[in-house]
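Novice:
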Amino acid sequence: MDVMDYLRAMEDLQEKHPLLMEMERIGRERGFPILHPLSARFLSVVAASYRSRYVLEIGSGFGYSALWIALYNPFLERIILTDLDAGNMELARRFFERAGLLEKAEFIVEDGLEVLNQLDFAPDLIFNDAHKIQYPMILNIARKKLKIGGVIVSDNAFWLGKVLDDGNMDPSVQAIREFTRLSFSTEDLLTTLVPMGDGLIFSVKIKESE
Ligand SMILES: C[S@@+](CC[C@H](N)C(=O)[O-])C[C@H]1O[C@@H](n2cnc3c(N)ncnc32)[C@H](O)[C@@H]1O
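For reference, each letter of the sequence shown is one residue, going 144 to 353 in the working numbering.
1. Can you give me the start and stop residues for the alpha helix (DSSP H) that LYS287 sits inside?
2. For PHE270, which beta-bridge partners are listed by DSSP?
3. Just to confirm, is the Cβ distance from ILE222 to ALA235 under 7 Å?
4. With a threshold of 6 Å (Cβ to nearest heavy atom), would ILE177 be considered close to ligand 1?
5. Go ahead and pull the three-state DSSP assignment for LYS159.
6. For ILE222, report the span of its beta strand (DSSP E) as first-last.
7. If we count Cβ pairs, one from each stretch, closer than 8 Å, do we get three or more for the stretch 333–343 versus the stretch 301–309?
8. When we look at the beta-carbon of ASN145 and count the other beta-carbons within 10 Å, is it buried (16 or more) or exposed?
9. With the cut-off set at 7 Å, would you say ILE177 and GLY255 are in Cβ contact?
10. Beta carbon of THR335, beta carbon of PHE322: below 7 Å?
11. How would you label TYR149, buried or exposed, when you count the other beta carbons within 10 angstroms and need 16 or more for buried?
12. Please report how far the alpha carbon of GLU330 lies from the alpha carbon of SER297, in whole angstroms.
13. Cβ of GLY204 within 6 Å of any heavy atom in ligand 1?
14. Is ASP341 near ligand 1, in the sense that its beta carbon is under 6 Å from a heavy atom of that ligand?
15. At a cut-off of 6 Å, would you count HIS274 as near ligand 1, judging by its Cβ distance to the nearest heavy atom?
16. Cα-Cα, which of GLY174, ARG324 and HIS160 is closest to ALA183?
17. Comparing alpha-carbon positions, which option in ILE276, SER195 and LYS288 lies nearest GLU220?
18. At least one CB of chain C closer than 7 Å to the CB of SER192: is that the case?
19. Taking DSSP as the reference, what is the three-state secondary structure of GLU330?
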């Protein structure tokens, strides 16, 4: 048994919500890249422990990671899901309806970067899981929008291992490297990399952004 097997065995002690299991099945059947279940649970722990009331998700797919955030967070008042694909958003809406969480959720079919740009409130939590090329731009806007103590969590820190290959100069790989470098070097953020699933970059805003 390795560390991950041990962790999975612990997680199995609590029965997983049937809607999350259904979404995992849909993800497998469609080959759709939902967040790794271990990362999703971690994100959900973050959301509840930071008492996140206002959440923005950039790249929601059909709502798997957003539902993890919403299901177990007693402090949630509003979660905005964004995706470029209308079919994904409609499926997410149906899952939220079945979970009894529709009134807390908003489903926007638009570029998440634009939604972030136009945001008229300071979110407590931003979960970033969309187009990797946009990660550095998202960080620069997100850190200004977040309230102090707010967090931004982004998936694919390892980009399926590609960031570790120095010779890989693919634009998406370079964008993730740049995003990670910025996250760790920006003065207004305190950042760590959580090596779970495909790696999560986890930053908390510790002072006003310039
Ligand atoms: C990795 S999937 C998201 C998975 C989702 N977070 C989950 O765990 O279920 C990435 C999604 O981002 C969407 N996407 C790509 N670029 C986007 C953008 N600029 N704005 C919003 N969504 C985007 C894609 O349509 C896709 O559904």
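Where a beta carbon is used, it is the ideal one built from N, C-alpha and C, also for glycine.
Specialist: Taking the geometry as given:
1. Segment 278–288, the alpha helix (DSSP H) holding LYS287.
2. Answer by DSSP bridge pairing, in chain order: GLU200 and VAL296.
3. No, Cβ-Cβ distance for ILE222 and ALA235 is not below 7 Å.
4. Checking every heavy atom of ligand 1 against the Cβ of ILE177, one is found closer than 6 Å.
5. DSSP places LYS159 in coil when its eight states are reduced to three.
6. For ILE222, the enclosing beta strand (DSSP E) has its first and last residue at 221–226.
7. Between the stretch 333–343 and the stretch 301–309, the count of C-beta pairs closer than 8 Å reaches three or more; the two stretches touch.
8. The residue you asked about is not Asn; residue 145 is Asp in the sequence shown. The residue in question, ASP145, is exposed, as its Cβ has fewer than 16 Cβ neighbours within 10 Å.
9. No. Outside cutoff.
10. No, they are not a contact pair.
11. Exposed, because fewer than 16 other Cβ atoms sit within 10 Å of the Cβ of TYR149.
12. So the alpha carbons of these two residues sit roughly 18 Å apart.
13. Answer for GLY204: yes, Cβ within range of ligand 1.
14. No, ligand 1 has no heavy atom inside 6 Å of this Cβ.
15. Yes.
16. Nearest neighbour of ALA183 by Cα position, chosen from GLY174, ARG324 and HIS160, turns out to be HIS160.
17. GLU220 has its Cα closest to that of SER195, out of ILE276, SER195 and LYS288.
18. Looking at the structure shown, chain C is missing, and only one protein chain is on hand.
19. It is coil, neither helix nor strand.
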